[in-house]
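Novice: Here's a structure for you.
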Amino acid sequence: MSHKGKNSASSAKGKRPAKSNAESKAEDVLQAVVLADSFQDRFKPFTVEKPRCLLPLANTPLIEYTLEFLAMNGVQEVYIYCGAHTNQVEDYIGRSKWASSSKLSPFSVLQFVRVADARSVGDVLRDMDKRSLVDGDFLLVHGDVVSNLILGDALAAHRKRREASAANIMTMILHSGGPEEHRTKTHGITPVFVVDTKTQRCLHYDEMNPLQSDHYLSIDPAIAEELSTEFEIRADLIDAQIDICTPEVLALWSESFDYELPRRNFLHGVLKDWELNGKMIYAEIFEDGYAARASNLQMYDSISRDILGRWTFPFIPENNIFLNQTFKKHINNVIIETGASHAHDAKLQNSVIGTDTSIGSGSKIINSFVGTGCKIGSNVTLENSFIWNDTTIGDGTTVSKSILAGNVVIGKGCLIPTGSLFSYGVQISDNISFSTAAVLSTVTSTGKQVAKDTNLLGPDSNAAPFYDPEDDELDDEDPSRLQKSLIYSLANWNLSTSSISTFNSDDESDDDDDSNLLSADAAHSSRSRLSSFASDDSAGKMSFHADAVHGLLDALRADSGDFDSAKLEFMGLRLANNASDAMMRKAVATAFTRRAVELVTPEHGGLDASKAAERAFTACKGASKFVNEVGVGGGEPAQVEFILSLQRALQHYSKGQEQQQAKSATLLPAMLQQLYALDILEEEGILGWWEDARAVDGESMAALKEKCKVLVEWLENAESEDEDDDSDDDDSD
1 MSHKGKNSAS SAKGKRPAKS NAESKAEDVL QAVVLADSFQ DRFKPFTVEK PRCLLPLANT
61 PLIEYTLEFL AMNGVQEVYI YCGAHTNQVE DYIGRSKWAS SSKLSPFSVL QFVRVADARS
121 VGDVLRDMDK RSLVDGDFLL VHGDVVSNLI LGDALAAHRK RREASAANIM TMILHSGGPE
181 EHRTKTHGIT PVFVVDTKTQ RCLHYDEMNP LQSDHYLSID PAIAEELSTE FEIRADLIDA
241 QIDICTPEVL ALWSESFDYE LPRRNFLHGV LKDWELNGKM IYAEIFEDGY AARASNLQMY
301 DSISRDILGR WTFPFIPENN IFLNQTFKKH INNVIIETGA SHAHDAKLQN SVIGTDTSIG
361 SGSKIINSFV GTGCKIGSNV TLENSFIWND TTIGDGTTVS KSILAGNVVI GKGCLIPTGS
421 LFSYGVQISD NISFSTAAVL STVTSTGKQV AKDTNLLGPD SNAAPFYDPE DDELDDEDPS
481 RLQKSLIYSL ANWNLSTSSI STFNSDDESD DDDDSNLLSA DAAHSSRSRL SSFASDDSAG
541 KMSFHADAVH GLLDALRADS GDFDSAKLEF MGLRLANNAS DAMMRKAVAT AFTRRAVELV
601 TPEHGGLDAS KAAERAFTAC KGASKFVNEV GVGGGEPAQV EFILSLQRAL QHYSKGQEQQ
661 QAKSATLLPA MLQQLYALDI LEEEGILGWW EDARAVDGES MAALKEKCKV LVEWLENAES
721 EDEDDDSDDD DSD
């Protein structure tokens with residue numbers, strides 16, 4: 001690997017000077033764009049205060065693995081986009097071996113890129129195109145990639161295809177996971193690739209999930225008929241989203257301003273419109289080696305286990321590849337860093353222990369990762385857990401498959417159950433036990449100090465249960481909900497993985513091809529084999545809901561603004577995604593509910609429920625008319641459905657702090673009363689909802705309905721008085 005000079009860790013302010021022709025054509029100058037972002041953030045509450053790429057994986061920040069991967073593959077110029085907490089990442093890099101002052105850095109350029117108001121990966125890549133920072137082939141990766149793949153052959157194949165045709169714009173690096181269970185196969189959302197068996201050209205991309213109502217994969221017939229090719233449908237591939245790209249890729253992002261995600265939007269869209277744009281994307285499928293992304297907590301856990309299992313070699317703790325580490329492997333696959341100590345009767349097994357950590361007598365550390373400077377008391381049990389730096393755990397405490405972030409203090413005799421997440425600096429008192437997984441933080445989702453919940457966490461606590469309002473923007477059937485916790489579970493949906501069919505249908509149970517492959521001939525001969533596979537328009541539905549809620553919220557937060565532009569954008573989204581009336585109703589209800597809930601929080605004025613409801617529906621000119629025409633849009637049945645949507649949206653706020661729960665619970669009657677006063681809801685609609693069995697579907701729904709009892713009784717009495725008045729009028733006649 002050649003070095004052209006010192007690297008730069010300064011932020012990009014404008015376009016980099018253009019290279020000479022000879023330099024730009026040099027094949028040994030490989031560039032990389034690192035998306036060290038928090039888009040689709042599934043690491044909350046930890047990432048409220050720290051960037052995801054600096055979270056410790058086996059006691060080493062995630063971004064170290066990514067940069068080592070790039071260095072071992074000959075990358076010389078690196079451009080990093082950080083998003084939130086950019087200053088923290090810049091400070092870390094500035095003190096690392098990657099810094100410009102370090103002679104150990106393999107990069108000739110390391111530059112940070114700041115993109116104002118970026119809301120998606122697409123925004124970042126469109127900005128990269130404007131800056132012209134990359135002018136040759138480049139690797140596009142995320143800052144949470146852990147991989148030991150050597151890309152030399154894949155790069156050579158990509159360059160050969162590019163030289164053959166400028167239409168060959170991208171090569172994806174995929175890894176075969178095989179038909180069996182594999183720890184680093186993603187849960188919840190399964191990527192599906194249709195690949196030409198001869199050329200490795202990717203012909204189609206889709207995603208499936210267990211929450212889909214229909215289980216079909218829709219493939220363009222031209223793939224089989226016009227291309228006359230054999231292809232495989234692969235649902236077994238592990239996608240770490242490592243892509244070899246030409247600058248044309250960035251240009252395509254710029255042309256498609258609505259693309260947000262690399263796979264669900266960009267890849268799916270380019271392949272779907274291949275006849276129009278003529279662009280080709282290929283897949284290099286590795287059978288050996290390792291590649292995975294710590295893109296959510298479940299993958300974080302899986303990759304950590306793979307590191308202990310040495311699947312990521314040479315990136316394992318005892319190799320001390322990263323600076324200033326002194327790990328040594330001991331019996332029972334325990335890897336301990338110099339400076340750590342433990343009592344002679346402590347039981348350690350299959351774990352990593354950082355320097356300056358002490359472990360007391362009788363304690364058990366099994367399948368766990370303990371950071372530096374931790375104090376583990378006597379008779380403590382840690383199983384399948386992650387304890388980050390400078391955390392203290394009191395005597396007799398048990399922690400099961402949980403994450404305790406840095407500087408956490410757990411009292412004596414506590415019970416921390418499976419799936420718990422304690423963010424930075426959380427303290428809880430002695431003898432605190434949780435019956436279910438607890439998610440605690442000292443700050444809110446906006447970074448403000450919480451009102452500590454001493455009733456739940458004891459007098460010494462400084463924390464409270466963490467609540468993320470963004471969860472309420474997710475559609476109830478959004479599969480990303482399945483990846484928001486440390487534990488993958490379908491229990492809340494009453495589903496099992498058997499809901500996702502394999503390619504063999506019941507009608508073809510005697511077919512011996514039970515792998516995740518399907519040839520073109522089979523596609524022609526058997527409709528039933530395709531029909532057992534899953535893919536409806538769920539990606540579009542999820543995109544519509546999130547985009548619609550965001551757009552409406554932005555308009556509502558402006559308060560005094562005009563709602564007409566928001567309505568136009570909403571209706572445009574509806575047409576683009578072919579959204580149903582039910583999807584529109586759900587998005588409208590979610591947005592207005594979210595705004596009302598915001599208004600009762602201290603951060604937004606702490607209004608009482610009636611004033612919050614009034615402001616949500618009337619502060620913006622045209623908002624109430626929009627709700628009437630688009631959200632409700634009909635008589636009694638439509639009104640019942642809209643109220644149910646409001647109720648379902650509100651039930652998510654039962655996870656907040658106690659004071660917020662109380663205010664949020666009174667919002668439903670306040671919103672119904674406001675909508676009644678605005679003549680959007682009628683008596684028949686509200687009373688019809690009250691009698692609907694779906695209004696008590698679950699404990700939280702029933703509790704919200706009960707809050708509306710006074711309003712319903714008032715309506716019933718008013719209706720009765722009207723009938724009496726009518727009767728009196730008849731008598732007088």
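Going by the UniProt record's numbering, the residue at position 581 of the sequence shown is 581; the numbering climbs one at a time, nothing skipped. All residues carry an ideal CB built from backbone N, CA and C; glycine is no exception. Since the structure is predicted, the reported quantities are computational estimates derived from the model, not experimental observations.
1) For S509, count neighbouring Cβ atoms within 10 angstroms of its own Cβ and tell me buried if that reaches 16, exposed if not.
2) On the criterion of 16 or more Cβ atoms from any shown chain inside 10 Å, does N209 qualify as buried, or is it exposed?
3) Please name the residue, chosen from L553, E691, G354, that lies closest to Q325 on a Cα-to-Cα basis.
4) Express the C-alpha separation of V632 and F626 in angstroms, rounding to a whole number.
5) Among all the DSSP beta bridges, which residues are the ones paired with Q31?
6) When we look at the beta-carbon of A609 and count the other beta-carbons within 10 Å, is it buried (16 or more) or exposed?
7) Decide yes or no for the touch test of the segment 321-341 against the segment 290-306: beta carbon pairs closer than 8 angstroms, at least 3 of them.
8) Sort A638, I680, V124, L57 by Cα distance to W253 and report the nearest one.
9) According to DSSP, is N168 part of a helix, a strand, or is it coil?
10) For D395 versus C374, is the C-beta distance shorter than 8 angstroms?
11) Count the other C-beta atoms from every protein chain shown that fall within 10 angstroms of the C-beta of V621, then say buried if there are 16 or more, exposed otherwise.
12) For W311, which residues in the same chain have their Cβ closer than 7 angstroms to its Cβ, ignoring the five residues on either side in sequence?
13) Throw me the rounded Cβ distance for the E90 and F112 pair, which I believe falls under 8 angstroms.
14) Just curious, the beta strand (DSSP E) that A58 is in, first and last residue?
15) DSSP three-state label for F386, please.
16) Quick one: Cα of N277 to Cα of D206, how far?
17) So if DSSP puts M701 in a beta bridge, which residue, or which two residues, is it bridged to?
18) Check whether the segment 359-366 touches the segment 337-347, taking contact to mean three or more Cβ pairs, one atom from each stretch, closer than 8 angstroms.
19) Quick one: is residue 737 buried, meaning 16 or more other Cβ sit within 10 Å of its Cβ, or exposed?
20) Strictly by DSSP, which residues pair up with R293?
21) In or out: D258 buried (at least 16 other Cβ within 10 Å) or exposed?
22) Taking one C-beta from the segment 61-77 and one from the segment 96-109 each time, how about it: are there three or more such pairs within less than 8 angstroms?
23) Please state whether the Cβ-Cβ distance between L667 and A613 is less than 8 angstroms.
24) DSSP three-state call for S305: helix, strand or coil?
25) Could you name each continuous beta strand (DSSP E) segment of 3 residues or more that falls completely within the segment 595-682, going from the start of the chain to the end?
26) Give me the Cβ distance between A616 and A596, rounded to the nearest whole Å; I'm assuming they're in contact under 8 angstroms.
27) Considering only residues of the same chain and omitting the five flanking positions on each side of I80, which have a CB-CB separation below 6 angstroms?
28) Figure out for me which residue from M172, L67, P191, R42 has the closest Cα to the Cα of A32.
29) Is it buried or exposed for residue 735, if we count other Cβ within 10 angstroms and need 16 for buried?
30) Kindly confirm or deny that the segment 40-52 and the segment 430-445 touch, where touching means at least three C-beta pairs closer than 8 angstroms.
31) Residues bridged to C202 by DSSP?
32) Can you name the residues that DSSP bridges to M72?
33) Please report the distance separating the alpha-carbon of E713 from that of W690.
34) Do A294 and L140 have their CB atoms nearer than 8 angstroms?
35) Going by the beta-carbon positions, is the gap between V370 and S351 smaller than 8 angstroms?
36) Taking 8 angstroms as the threshold (C-beta atoms), are M571 and F544 in contact?
Specialist: According to the structure data:
1) With a pLDDT of 34 at S509, under the threshold of 50, the modelled position of this residue cannot be trusted; read the value that follows with caution. The residue is exposed, with fewer than 16 neighbouring Cβ atoms inside 10 Å.
2) buried
3) G354
4) 9 angstroms
5) E77, F138
6) buried
7) no
8) V124
9) strand
10) no
11) Sequence inspection shows Lys at residue 621; the Val mentioned does not correspond to that position. Classification for K621: exposed.
12) Y290
13) 6 angstroms
14) Careful: A58 lies outside any beta strand (DSSP E) and carries neither H nor E.
15) strand
16) 19 angstroms
17) DSSP output for M701 lists no bridge partner at all.
18) yes
19) This structure leaves residue 737 out entirely; the chain is present only between 1 and 733.
20) V145
21) exposed
22) yes
23) yes
24) One point to set straight first is that residue 305 is Arg, not Ser, in the sequence displayed. Three-state DSSP puts R305 in a helix.
25) none
26) 4 angstroms
27) V34, A36, F112
28) L67
29) Outside the displayed span of the chain (1 to 733) sits residue 735, for which this structure offers no information.
30) yes
31) V195
32) For M72, which the question treats as bridged, DSSP gives no partner whatsoever.
33) 11 angstroms
34) no
35) yes
36) no
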